[in-house]
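This report refers to the structure that appears directly beneath it.
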Amino acid sequence: MRSVLKTDVVIIGGGISGISTAFWLIKRGIKNVVVVEKAYIGSGSTFKCATGIRASFTSEEHVVLMRESINLWKALSQELGFSYMRGGYVWLLSNEDQLKAFRELSRIHNSFGVPTRIISVEDVEKLVSKIDTRSILCALYDPLAGKADPFEALYSMAGFLRSAGVRILQQVEATRILQNGPQVVGVETTKGIIQGPIVVVAAGYETRGLVKTVDVDLPLKNVPHHAVITEAYKRAFDPLLVDAASGSYLVQTFHGGFIMGTEIEEREEAQPTPRVDFLYKVASVWIKYLPWLRNVNFLRYWVGYYVMSPDNHPIIGPLPEIDGLYVAAGFSGHGFMMGPIVGKILAEWIIDGKPSIPQAARLSYKRIEEGKLIHEKAVIG
Amino acid sequence: MRKRANPIIVCRCEDVTLDEVEKILEKGYRDLESIKRLLRVGMGPCQGRTCIPLLIRLLARRLKKDPEELLIPPSRPPLTPIPIRLFVEDEKRAED
Chain A
0 MRSVLKTDVV IIGGGISGIS TAFWLIKRGI KNVVVVEKAY IGSGSTFKCA TGIRASFTSE
60 EHVVLMRESI NLWKALSQEL GFSYMRGGYV WLLSNEDQLK AFRELSRIHN SFGVPTRIIS
120 VEDVEKLVSK IDTRSILCAL YDPLAGKADP FEALYSMAGF LRSAGVRILQ QVEATRILQN
180 GPQVVGVETT KGIIQGPIVV VAAGYETRGL VKTVDVDLPL KNVPHHAVIT EAYKRAFDPL
240 LVDAASGSYL VQTFHGGFIM GTEIEEREEA QPTPRVDFLY KVASVWIKYL PWLRNVNFLR
300 YWVGYYVMSP DNHPIIGPLP EIDGLYVAAG FSGHGFMMGP IVGKILAEWI IDGKPSIPQA
360 ARLSYKRIEE GKLIHEKAVI G
Chain B
0 MRKRANPIIV CRCEDVTLDE VEKILEKGYR DLESIKRLLR VGMGPCQGRT CIPLLIRLLA
60 RRLKKDPEEL LIPPSRPPLT PIPIRLFVED EKRAED
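Right, dumping it as structure tokens:
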């Protein structure tokens, strides 16, 4: 049986971007919001992320927006009571060329108010107990960066939404965006039609396919990325570590497990499939720095997508072709950390017609149509 | 909610009790993927070998749902926890 539900805003995707958008719409006084999630909230990329949050990027847009997102992470964690900490990022540098490149990056970060700095081997040893520093020259330290628990963060935001009367429909899949001429009028789902004059597509790796139903082809590509977690141990150190040479990271979660990832060659649109060569590579990188990992057990291994845009920046904002249709996608591996500010930006696009941060306005689909790409180089893992 | 004198443990790795599961059900969660992440059932060293089948039976009966509607978490590799040293070539040769 087909049913029809009427609302003001339909959000497709119950991940951090969609839930955060609903959160900010409610905060701004919009009352009727429905979130449609095809499986369970967080089931796309949010719950597969590595939990890190940083502003040490290479473009003004990313640095400024992530800095704002970090401010919101702190405020939200206090308001909603989830685990978040500014434990920092330590980018381990092993040669003069890397040092030169990261000095330049630090200058960019500093110019936008992100206080990264080059630190000595001794400083690294103070921040990261029992690290073997023989192969490193120094490091870039980003004290503003940190980590949050994605489960606690999303569930507490969803709890807030439910008590504010937002309907989060799980195991309901959006199949088509509905339009009447140039105006969006709702969403067709596996459980019936949801009518609404505003539709937000924040559906991660499904975004491209959904937006194609209104004949707009977003240049987004899904690339598998791999992560593995160990059994839980007592707190060892706070910062997230990055090996700059191999693009690998390691972070201890609040629960105690160490999550690790590294770059391995993957084909666009490949099925996310575990690969034993990933485990060999990630193990060899991190045992070199943390020899005690030898005796730690790998517990669980998963593969998720980075939804890559042509310039490694997300597409956030209205689609000019269709009135009332907004997207937030293509985060290129940074959707979780950016989540809080993304919801705020979308709420501003919807309510005010433009975002309050000028750098955010530059990330709309217009830049893609006009060919004004903004490149980001610091993509890891 | 009923109070038990002796808690019934559902997940031994993460010490999750039946009462905690029932509390989550009262909050409106209806699938195992969410219950797993809210309570950490099935996320310990045994990877859900005991607790997930228990919960499938409990929830299927309680909610009158087919097991597949409960979103059963996939089995992720490795099948059992394995020491990281086995993935470092030199050390593996030394152990062989």
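First to last, the sequence lines map onto chains A and B.
When we follow numbering that gives the first Met the number 0, the leftmost residue of the first sequence carries the number 0, and every step to the right adds one.
When we follow numbering that gives the first Met the number 0, the leftmost residue of the second sequence carries the number 0, and every step to the right adds one.
Yeah, the Cβ is synthetic: ideal placement off N, Cα and C, and Gly gets one too.
In this text, all values refer to a predicted model and were calculated from it rather than measured experimentally.
- Around the C-beta of T188(A), 16 or more other C-beta atoms lie within 10 Å, and the residue is accordingly described as buried.
- The alpha-carbon of I193(A) is positioned some 6 Å away from that of K5(A).
- Listed along chain A, the residues sitting closer than 8 Å to L37(B) by beta-carbon distance are F150 and Y154.
- Legend: CB atoms of the stretch 164 to 194 of chain A lying less than 8 Å from CB atoms of chain B belong to residues Q169 and Q170.
- Here DSSP, grouped into helix, strand and coil, assigns H108(A) to helix.
- For P339(A), same chain residues with a beta-carbon under 7 Å away, outside a window of 5 residues either side, are S19, S68, L71, W72 and L75 in chain order.
- Sorting F56(A), Q358(A) and V275(A) by C-alpha distance to the C-alpha of T115(A) places F56(A) at the top.
- Just measuring C-alpha positions, the residue of M259(A), L318(A), V302(A) and I315(A) sitting nearest N296(A) is M259(A).
- Relative to the Cα of P6(B), the nearest Cα in the group I81(B), C12(B) and L17(B) belongs to L17(B).
- DSSP places L75(A) within a helical segment (H, G or I) once states are collapsed to three.
- Among the bridge pairs identified by DSSP, H224(A) is matched with G303(A).
- The beta carbons of P238(A) and L143(A) sit no closer together than 8 Å.
- Taking all protein chains shown into account, I379(A) has 16 or more neighbouring C-beta atoms within 10 Å of its C-beta and is therefore buried.
- Following the DSSP letters along the chain, one finds P339(A) inside the alpha helix (DSSP H) bounded by residues G334 to D351.
- Look at the stretch 66 to 85 of chain B: the residues with a C-beta under 7 Å from a C-beta of chain A are L70, R75, P76, P77, P80, I81, P82, I83 and R84.
- Judged by beta-carbon spacing, Q358(A) lies within the 8 Å limit of E59(A), meaning their Cβ atoms are closer than that value.
- Secondary structure within the stretch 17 to 66 of chain A: the beta strand (DSSP E) runs of 3 or more consecutive residues, fully enclosed, are 32 to 36 (chain order).
- In the same chain as I130(A), and ignoring 5 residues on each side of it, the C-beta atoms closer than 7 Å to its own belong to V123, E124, Y288 and L289, in chain order.
- The shortest C-alpha to C-alpha distance from R36(B) to any of V35(A), V199(A) and D148(A) is the one to D148(A).
- Here E67(B) is exposed. Its C-beta has fewer than 16 other C-beta atoms within 10 Å.
- In this structure, Y325(A) sits near I349(A), with a CB-CB distance shorter than 8 Å.
- Any Cβ of chain A closer than 8 Å to the Cβ of D30(B) would place that residue at the interface, and such an atom is present.
- L153(A) has no beta-bridge partner at all, per DSSP.
- The DSSP-derived three-state label of D30(B) is coil.
- Following the DSSP letters along the chain, one finds G208(A) inside the alpha helix (DSSP H) bounded by residues T206 to K211.
- Rounded to whole angstroms, Y154(A) and T45(A) show a C-alpha spacing of 11 Å.
- When Cβ-Cβ separations below 8 Å define contact, V40(B) makes no contact with chain A.
- The beta carbon of G87(A) sits closer than 8 Å to the beta carbons of L126, Y140, D141, P142, L143, A144, G145, D237, P238 and L239 from its chain, once the five residues preceding and following it are set aside; these are given in chain order.
- Using a Cβ-Cβ cut-off of 8 Å, Y300(A) is close to R75, P76 and P77 of chain B, given in chain order.
- Shown here for A49(A): same chain residues with a beta carbon closer than 7 Å to its own, the five before and five after excluded, namely A226, Y248, V250, I258, G260 and G380 in chain order.
- In chain order, P82, I83, R84, V87 and E90 make up the part of chain B whose C-beta sits under 8 Å from the C-beta of R293(A).
- Under the Cβ criterion (8 Å, minimum of three pairs), the stretch 172 to 184 of chain A counts as touching the stretch 197 to 216 of chain A.
- If you compare the alpha carbons of A152(A), T132(A) and H61(A) with that of Q77(A), the shortest gap goes to A152(A).
- Neighbourhood of E369(A) in chain B, by CB distance below 7 Å: empty, with the nearest CB roughly 41 Å away.
- Among the residues of chain A, those whose CB is under 8 Å from the CB of P44(B) are E230, N296 and L298, following chain order.
- Look at F257(A) here: in three-state DSSP terms it is strand.
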